[in-house]
Amino acid sequence: MMQDSLIDYTLHLADNSLIMGHRLSEWTGHGPILEQDIAISNIALDLIGQSRNFYQYAAQLKGGVTEDDLAYLRDATEFKNMLLAELPNGDWAKTILKLFFFSTYQYYLYQKLIGSTDTQLSAIAEKSLKEVTYHLRWSSEWVIRLGDGTEESKKRIEKALEELWDYTGEMFLPSEYESECAKNKIGVDLGFLKEDWMNKVIQIFAEATLPSPKGEPVPTLREGQGVRLNGKEGKHTEHLQEILNDMQYLQRTYPGCEW
Amino acid sequence: MIETLNKTEASHPSPTGEGREGTEGPLWEVFIRSKQGLDHKHVGSLHATDAKMAIENARDVYTRRMEGVSIWVVESKNIHASNPDEAASMYDPANDKVYRHPTFYNLPDELKHM
Amino acid sequence: MSVQELETIFDNKLEREIRIEPKDWMPDNYRKNLIRMISQHAHSEIVGMLPEGNWITRAPSLRRKATLLAKVQDEAGHGLYLYAAAETMGISREEMIDQLLTGKAKYSSIFNYPTLTWADIGAIGWLVDGAAIMNQVPLCRTSYGPYARAMIRVCKEESFHQRQGFEILLTLCRGSKEQKDMAQDALNRWWWPSLMMFGPNDDNSPHTAQSMKWKIKRFTNDELRQKFVDICTEQAKVLGLAIPDKDLKWNEEKMHYDFGEINWEEFNNVVNGNGPCNKERMAARIKAHEEGAWVREAALAYSEKKKQRQTPTAA
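Protein chains in written order, with numbering that gives the first Met the number 0: chain U, 0 to 258; chain L, 0 to 113; chain C, 0 to 314.
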């Protein structure tokens, strides 16, 4: 039972990084400024690297599978990433805000995960935290630039906030495997993250001359056509399937090949 | 003798005149210390709208392969450079001052470590 | 000093292999020619991100995904080094990008061909990067200092690109029949466009002679092309792929491979904007540029505000 939860938890961490990294990599070659194209590609690379570390560990725990089996041969319902990660990039403002929310979350999560009794998770968290610290710094500065930039950039980031805020509650709503892992000191108790996360958001929004988000991260889940969406439990938006159609296409079309 | 780097020679105006500051922000020169104990060395330039962005851009552009442990950036327009036309008067006079180099002095071989 | 005297000094520097630096006197045409060449080179790196970037989201393994992303990102870096080198000659990046987007500046035609399968990513790495490296290594000794230094950096970073491409093809060639067919098909489509990358034949190349005299270029188009054919023909044997040229034959006397005539009509067509993807490539660049306009404005506006806050008394 605990072993299953550990595997699910590791996959959840891996899927978060992969899907977010995948989304960011869509910017490569299309960035608003050459230097920023390079910057966002770097962050995408970091996240894909993190996901590989988690997948490799999950593969080892499961036995008989590889990192690529886990990334390329699972169906959308088996993916455990947060919905926030799979949402389309939108414009630069939406991408930046999404990354800021995500990086703030990863920053506090990994800080705590270093204390995990699972030495592998602890080691991956320690390595990843260095990267995420930079992602947080970079995305915070962009939130500030856009919030305190022009009328248009402010409008765009406010619109992004409207579109994204509903997806932030999921970060702090533990799934069963998260609770189980937290109880066994392997995972992080999400209850402890919320305040830090919220304080950071308020601080950066203030610097960006943006009004603070209204209320707490929305804890209720999105209702979608009779289904309660919850990425951590495999109930995704249709965007995830779109991502997987692209990502898994070669592995699915030519099964069993080396690439 | 001293003039800013972004001005091309008056005798040879730039084909496009001034205006190197585009919408991507001004040009910055990047200097990187490759490891502790060594000097910062000029590695190239980039565009950024502020110093923070310039340092982060420099990190992302010029240290992707572990090339550095420390970064300096300076807006290109703040760099003052000597004029190459005056190279002769600036640098040639150092040519005949060999006595500044240790090999100029004749000392007996028995004398070690000096 | 008179222009003749300055020219003598300039020629003398070239003669003695002394690099020309940004503030040195240089003939107008040398400057123009270099701006054309460096900016064209920079544009090629940037447009070149598109055909390969297509496959980042579809790369078939996590390792391939990470390495392809790193490679395409490197190309952005190379474009940046080159724009910066051109900027030392007094043209702004903005002007250069404007020339690209309005169709006044050219970029390497190879990027106007589509990437249809995963094997194309291998073929681009092996052939297109291979041809680019062949062109670029001599440019590390080009007479203009900033260009030479940019090229040294580019060449150092690019060495992994070609190996990455070859490894992709090698894996396909050792795989299933479908994978090998995919690799052969990619070679069939990319071989001739790669040979075209070296430009027109020497007797048909308007810029080569002057560029050689100025020591901007060190080898002619045909010399480099021959070298490329010789090397790739051997490498294709390792892959077990057939180069799509019935005239390709070892010439014992010349100690080189003879090869067939390039379809110059196709070359001219693609150069003149009628390649398979010219319009898509430009549309993608224009879209990124236009959609990025408000971001650039916001960053500038923010830095202005910050400056004013720091110096409240300054006018």
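We treat Cβ as the ideally placed atom computed from N, Cα and C, and that holds for glycine.
Proximity to U/Glu34 [Cα-Cα], best of C/His77, C/Arg18, C/Lys12 and C/Arg30
Walking along the first sequence from the start, residue 34 of chain U turns up at place 35. The shortest Cα separation from U/Glu34 among C/His77, C/Arg18, C/Lys12 and C/Arg30 belongs to C/His77.
Which whole-angstrom value describes the C-beta separation of C/Trp117 and C/Trp54, a residue pair presumed to lie in contact below a C-beta threshold of 8 Å?
The residue given as residue 117 of chain C occupies position 118 in the third sequence. The residue given as residue 54 of chain C occupies position 55 in the third sequence. The pair is a contact, with the Cβ atoms about 7 Å apart (cut-off 8 Å).
Straight-line Cα distance separating C/Leu169 from C/Arg162:
Walking along the third sequence from the start, residue 162 of chain C turns up at place 163. Walking along the third sequence from the start, residue 169 of chain C turns up at place 170. So the alpha carbons of these two residues sit roughly 10 Å apart.
Taking the alpha-carbon positions, what's the U/Gln110 to U/Leu189 distance?
As a position in the first sequence, residue 110 of chain U is number 111, starting the count at 1. As a position in the first sequence, residue 189 of chain U is number 190, starting the count at 1. Distance between the alpha carbons of U/Gln110 and U/Leu189 is about 12 Å.
In terms of residue numbering, what span does the alpha helix (DSSP H) encompassing C/Asn250 cover?
As a first step, residue 250 of chain C must be located in the third sequence, where it is residue number 251. Element bounds for C/Asn250: not the alpha helix (DSSP H) but the beta strand (DSSP E), Lys248 to Asn250.
Once you ignore the five residues that flank U/Lys93 on each side, which residues in its own chain have a CB closer than 6 Å to its CB?
Here residue 93 of chain U corresponds to residue number 94 of the first sequence, with the count starting at 1. Its chain contains Ala159 as the residues whose beta carbon lies nearer than 6 Å to that of U/Lys93, once the 5 sequence neighbours on both sides are disregarded; these appear in chain order.
Would you verify that the beta carbon of C/Val294 is, or is not, closer than 8 Å to some beta carbon of chain U?
Locating residue 294 of chain C in the third sequence gives position 295, where the first residue counts as 1. So, interface residue.
Anything in chain L within Cβ reach of C/Lys179, meaning under 9 Å, just list it in chain order.
Position 180 of the third sequence holds residue 179 of chain C. The contacting residues do not exist; C/Lys179 stays about 34 Å from chain L at best.
Endpoints, beta strand (DSSP E) assigned at L/Arg32:
Residue numbering aside, residue 32 of chain L sits at position 33 when the second sequence is read from its first letter. Leu26 to Arg32 is the span of the beta strand (DSSP E), which, as asked, contains L/Arg32.
Is the CB of L/Thr15 under 8 Å away from at least one CB in chain U?
Along the second sequence, one-based indexing puts residue 15 of chain L at 16. With a pLDDT of 31 at L/Thr15, under the threshold of 50, the modelled position of this residue cannot be trusted, and the question is left open.
Is it buried or exposed, C/Phe316, if we count other Cβ atoms within 10 angstroms and call 16 or more buried?
Outside the shown range of chain C (0 to 314) lies residue 316 of chain C, about which nothing can therefore be said.
What residue from U/Met0, U/Trp26, U/Leu72 and U/Asp36 has the CA that sits closest to U/Asp14's CA?
Start at 1 with the first residue of the first sequence, and residue 14 of chain U comes out as number 15. Of the listed residues, the one whose Cα sits closest to U/Asp14 is U/Leu72.
Are three or more beta carbon pairs between the stretch 96-104 of chain U and the stretch 22-38 of chain L nearer than 8 Å?
With the cut-off at 8 Å, the stretch 96-104 of chain U and the stretch 22-38 of chain L do not touch.
Going along the chain, which residues of its own chain have a beta-carbon closer than 6 Å to the beta-carbon of C/Arg30, five neighbours each way excluded?
Taking the third sequence and counting its residues from 1, the one referred to as residue 30 of chain C is at position 31. These residues qualify, in order along the chain: Met88.
8 Å contact criterion, which U/Glu25 and U/Asn88 should meet: CB distance rounded:
Residue mapping note: residue 25 of chain U aligns to position 26 of the first sequence, counting from 1. Residue mapping note: residue 88 of chain U aligns to position 89 of the first sequence, counting from 1. The Cβ separation is near 6 Å, so the contact holds.
In whole angstroms, give me the CA-to-CA distance for U/Pro210 and U/Leu96.
Taking the first residue of the first sequence as 1, we reach residue 210 of chain U at position 211. Taking the first residue of the first sequence as 1, we reach residue 96 of chain U at position 97. Whole-angstrom Cα-Cα distance: 14 Å.
Have a look at U/Glu194, U/Tyr133, U/Asn183 and U/Asn80 and flag the residue whose alpha-carbon is nearest the alpha-carbon of U/Gly233.
Here residue 233 of chain U is taken as the residue at index 234 of the first sequence, counted from 1. The candidate whose alpha carbon is nearest that of U/Gly233 is U/Asn80.
Alpha helix (DSSP H) segment containing U/Ser127, residue limits:
By one-based count along the first sequence, residue 127 of chain U stands at place 128. Segment Thr118 to Gly146, the alpha helix (DSSP H) holding U/Ser127.
Can you name the residues that DSSP bridges to U/Lys213?
Numbered from its first residue, the first sequence carries residue 213 of chain U at position 214. According to DSSP, U/Lys213 bridges with nothing at all.
Strictly below 7 Å CB to CB, what residues from chain U border L/His41?
Here the question's residue 41 of chain L lines up with position 42 in the second sequence. Within chain U, not a single residue places a beta-carbon under 7 Å from that of L/His41; the smallest gap is close to 18 Å.
Pairs of beta-carbons, one from the stretch 88-96 of chain L and one from the stretch 40-48 of chain L, closer than 8 Å: are there three or more?
Fewer than three Cβ pairs drawn from the stretch 88-96 of chain L and the stretch 40-48 of chain L lie within less than 8 Å of each other, which leaves the two stretches out of contact.
Alpha carbons only, please: which of C/Leu49, C/Glu4 and C/Glu16 is nearest the one belonging to C/Glu279?
Residue mapping note: residue 279 of chain C aligns to position 280 of the third sequence, counting from 1. Selected option, being the one with the closest Cα: C/Leu49.
Within chain A, partners of L/Ala47 - CB distance below 8 Å:
Among the protein chains in the structure shown, which are U, L and C, there is no chain A.
Considering just the uninterrupted stretch of the beta strand (DSSP E) at C/Gly274, what are its terminal residues?
On the third sequence, residue 274 of chain C is found 275 positions in, with the first residue counted as 1. Looking at the DSSP string, C/Gly274 is not in any beta strand (DSSP E), and its letter there is neither H nor E.
Residue burial classification, C/Lys245 (beta-carbon count within 10 angstroms, cutoff 16)
Here residue 245 of chain C refers to the residue found at position 246 when the third sequence is read from its first residue. Label assigned to C/Lys245: exposed.
Cβ closer than 9 Å: which chain L residues qualify as neighbours of C/Arg92?
Residue numbering aside, residue 92 of chain C sits at position 93 when the third sequence is read from its first letter. Arg19, Gly21, Glu23, Leu26 and His46, listed in chain order.
Interface flag, C/Ala314 vs chain L, CB-CB below 8 Å:
Within the third sequence, the letter at position 315 stands for residue 314 of chain C. Because C/Ala314 sits at a pLDDT of 47, beneath the cut-off of 50, its placement in the model cannot be relied upon, and the following sentence gives the value as read from the coordinates. Answer no: the Cβ-Cβ gap between C/Ala314 and chain L never drops below 8 Å.
Pull out every residue of the stretch 118-147 of chain U whose Cβ sits closer than 7 Å to any Cβ of chain L, in chain order.
Going along the stretch 118-147 of chain U in chain order, one finds Trp137 and Glu140 with a Cβ nearer than 7 Å to chain L.
Would you please state the rounded distance, in angstroms, between the beta carbons of U/Glu85 and U/His235? I believe it to be under 8 Å.
As a working mapping, residue 85 of chain U is identified with position 86 in the first sequence. As a working mapping, residue 235 of chain U is identified with position 236 in the first sequence. Indeed they touch by this definition, with Cβ atoms about 6 Å apart.
Please identify, using Cβ separations under 9 Å, the residues of the stretch 58-70 of chain L that lie next to chain C, in order along the chain.
Per Cβ criterion, the list reads Asp59, Val60, Tyr61, Arg63 and Arg64.
Tell me which residue opens and which closes the alpha helix (DSSP H) that C/Ser315 is part of.
Outside the shown range of chain C, which is 0 to 314, sits residue 315 of chain C, and nothing can be said about it.
Just reading off the alpha helix (DSSP H) that C/Tyr106 is part of, what are its end residues?
In the third sequence, residue 106 of chain C corresponds to position 107, counting from 1. From DSSP, C/Tyr106 is part of no alpha helix (DSSP H); its letter is neither H nor E.
Does L/Leu110 pass the burial test, meaning 16 or more other C-beta atoms within 10 Å, or should it be called exposed?
Counted from its first residue, the second sequence places residue 110 of chain L at position 111. Looking at its Cβ environment, which holds fewer than 16 other Cβ atoms inside 10 Å, L/Leu110 is exposed.
Could you compute how far the alpha carbon of U/Gln55 sits from the alpha carbon of U/Ile18?
Position 56 of the first sequence, counted from the first residue, corresponds to residue 55 of chain U. Position 19 of the first sequence, counted from the first residue, corresponds to residue 18 of chain U. Their backbone Cα atoms lie some 16 Å apart in a straight line.
U/Val200 versus U/Gly214: straight-line alpha-carbon distance, rounded
As a position in the first sequence, residue 200 of chain U is number 201, starting the count at 1. As a position in the first sequence, residue 214 of chain U is number 215, starting the count at 1. Spanning the two alpha carbons is a distance of roughly 12 Å.
Relative to chain C, which residues along the stretch 62-76 of chain U have a C-beta separation below 8 Å, given in chain order?
Sequence-ordered contacts of the stretch 62-76 of chain U with chain C read Glu66, Asp67, Ala70 and Tyr71 [C-beta pairs closer than 8 Å].
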